[in-house]
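In our numbering, the protein residues as written are 1457 to 2078. We treat Cβ as the ideally placed atom computed from N, Cα and C, and that holds for glycine.
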């Protein structure tokens, strides 16, 4: 998508407030004549490239694809805590503070108008080749489906707009049912599959991308439409798409995990990535990527003890802001351990937890890499090297990046006679920091806007596809096939022996909350997909909706399952200054502990918008 530049400025569709026809306008105000655009394959392709940007870079807080929010939104789960200086906006969702007056967005009518205008003119063109028409329409179907899926996850049934509307039509369009909405999305993806090439240029959709997205969509549909019944046709849809992708027990499409997220050059070359979104250094700085808001901050304002024992000799003066999503102990505990006998265990059951001489040996095994390798590519922990290996960071009590106002340093004034830790107060409150999506080779500049870099987001990849396949089989009760598709990510990404991974799964069974195989699957999906597309949140809602029985006739089939993983306090680790002992503590984001009520399976539609558009509100939010 870097090859072309858009050569016109598209006008905005404005939502008026005085009449139905002005409310959902159908033409942009300043439209460049289409004669040149729709007679040039290059120009029409540039038009489609801008639609890619608007769909894949959507800033929907809870369900975007490849935007900074897709990592920052992790704090709506118990995987992450936002910074202590953070406003309640960033975490209000997890604490049940949302109301029907909040605005989580809705379908972008202007974007849909552009998609439908492109569809109409490309189909009607007498100058475009049939080959070009087929591919261009396939991309537009894919992009329309991707856009609709963002909001189907949030709200369920949507207004289905499938063509360019005229001013003479009734523009107060009612919502379709959840089933009709998901079927519309999946129908678009079926059309995309039949129209797109098997292999596409980097950043453009292929038939593989359409299959991969249809797997993601169909899993959500199975839960919300059918209540996750084993015979749901949506699970069959997932399996059919996964088979078409060529998924196999060897995990041959998978790349090293760190290559996907820790360096631009390896990310764009990784065969595992099915669809990516890139940002060019010509218009991208640290301000435009997750690194600016998820990292650590240090200008040397920490205690004399820390300066002596944990010195920082470079100025880390722009990483780490109050939007940080600090990993919690809840997340860290999900990373499995290879024990002394080679068997895979939860950390709390591994021998290291009792035999290690210090915290590193008990918890992290950084020299021997005994934990799941994804842990080391995702989480910065106490005594890690950081900042292109220039600094060793210490989250421990009185450490150089431990937040002075966090529970890590609680009571330090009484114990040491001063406020211990890093007094900048921008650093971790949990004892961990995120490094997934961090590029280690980036060095410090005085102004983050001056640090230009190429950057790559993963939108769709084979690692998720394997787990989507496993989940479809798991929910159908085919536990052996579920295990078959869980093993590849454990081996290729986790770094475990195939025989040990299979042995770990062999005796596990069951597909409901508390059953051993389901719990193992939940852990595996969490460590694989953390900080991507808010996958943890939507997976938890999907599994909870399956237990709840789905949504029927605009209402929940039951009173709704309360998801335990979205309830309660967050956990962090407090390590002693000498690194030999530790304890766990509980804490909350600034808005309070996590709470979940079943009405949150579908979010509220902004009330002002709802009244003007004439659409009905979601259950529980009236």
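Task: Reduced DSSP secondary structure (H/G/I, E/B, other) of residue 1576 - done: helix
Open item on the list: Here's a check: name, in chain order, each residue in its chain whose Cβ is nearer than 8 Å to the Cβ of residue 1968, leaving out the five neighbours to either side.
Closed with: 1974, 2003
TODO: Could you check the C-alpha separation between residue 1513 and residue 1606 for me, to the nearest Å?
DONE: 11 Å
Open item on the list: Let's test the definition: count the other Cβ atoms within 10 Å of the Cβ of residue 2015 and tell me whether it reaches 16, buried, or not, exposed.
Closed with: exposed
TODO: Taking the CB atoms as reference points, tell me whether residue 1678 and residue 1637 lie closer together than 7 Å.
DONE: no
Task: Contiguous alpha helix (DSSP H) assignments of at least 4 residues, all confined to the region 1907-1968 - done: 1918-1932, 1935-1948, 1954-1962
- [ ] Could you spell out the range, first to last residue, of the alpha helix (DSSP H) harbouring residue 2000?
- [x] 1991-2004
- [ ] From the DSSP output, read off the bridge partner residues of residue 2113.
- [x] There is no way to answer for residue 2113, as the model of the chain reaches only from 1457 to 2078.
TODO: Taking residue 1944 and residue 1706 to be in contact with their CB atoms under 8 Å, please state how far apart those CB atoms are, rounded to whole angstroms.
DONE: 7 Å
Open item on the list: For the region 1559-1569 against the region 2057-2069, do three or more pairs of beta-carbon atoms, one drawn from each stretch, fall closer than 8 Å, so that the two count as touching?
Closed with: yes
Task: Validate contact between the region 1590-1601 and the region 1619-1627 using beta carbons, cut 8 Å, 3 pairs - done: no
Open item on the list: Within the continuous alpha helix (DSSP H) that includes residue 1842, where are the two ends?
Closed with: Note, residue 1842: premise wrong, no alpha helix (DSSP H); beta strand (DSSP E) at 1840-1842.
TODO: Report the three-state DSSP secondary structure of residue 2068 (helix, strand or coil).
DONE: helix
Open item on the list: In this structure, how does DSSP classify residue 2042 when only helix, strand and coil are distinguished?
Closed with: strand
Task: N-terminal and C-terminal residue of the beta strand (DSSP E) that residue 1847 is part of - done: 1847-1849
Task: CA-to-CA distance, residue 1848 to residue 1701, given in whole angstroms - done: 42 Å
Task: Boundaries (first-last residue) of the beta strand (DSSP E) holding residue 1729 - done: 1729-1735
Open item on the list: For the beta strand (DSSP E) containing residue 2029, name the first residue and the last one.
Closed with: 2026-2031
Open item on the list: Whole angstroms are fine: how far does the CA of residue 1729 sit from the CA of residue 1914?
Closed with: 7 Å
- [ ] Under 8 Å by Cβ, that's how I've got residue 2042 and residue 2030 pegged, so tell me the actual separation to the nearest angstrom.
- [x] The pair is not a contact, with the Cβ atoms about 11 Å apart (cut-off 8 Å).
Open item on the list: Using a 10 Å radius around the Cβ and a threshold of 16 neighbouring Cβ atoms, would you call residue 1826 buried or exposed?
Closed with: buried
- [ ] Measure the C-alpha to C-alpha separation of residue 2092 and residue 1496 and round it to an integer number of angstroms.
- [x] The structure shown does not extend to residue 2092, since the chain is modelled only from 1457 through 2078, so no value can be given for it.
Task: Where residue 1491 falls: helix, strand or coil (DSSP) - done: helix
- [ ] Classify residue 2080 as buried or exposed, calling it buried when 16 or more other Cβ atoms lie within 10 Å of its own Cβ.
- [x] With the chain running from 1457 to 2078 in the structure shown, residue 2080 is simply not present.
Task: CB of residue 1714 within 7 Å of CB of residue 1833, strictly - done: yes
Open item on the list: I need the DSSP call for residue 1983, collapsed to helix, strand or coil.
Closed with: helix
TODO: State the beta-bridge partners of residue 1800 as determined by DSSP.
DONE: 1794
- [ ] Going by DSSP, name the residue or residues bridged to residue 1835.
- [x] 1890
- [ ] Determine, using beta carbons only, whether residue 1641 and residue 1673 come nearer to each other than 7 Å.
- [x] yes
Task: Reduced DSSP category for residue 2078 - H, G, I as helix; E, B as strand; rest coil - done: coil
Task: Sequence-distant residues of the same chain with beta carbon closer than 7 Å to residue 1879, five excluded per side - done: 1757, 1758, 1860
Task: Own chain residues within Cβ distance below 6 Å of residue 1501, not counting five before or after - done: none
Task: The alpha helix (DSSP H) enclosing residue 1663, as first and last residue numbers - done: 1663-1682
Task: Those residues which DSSP pairs with residue 1758 across a bridge - done: 1878
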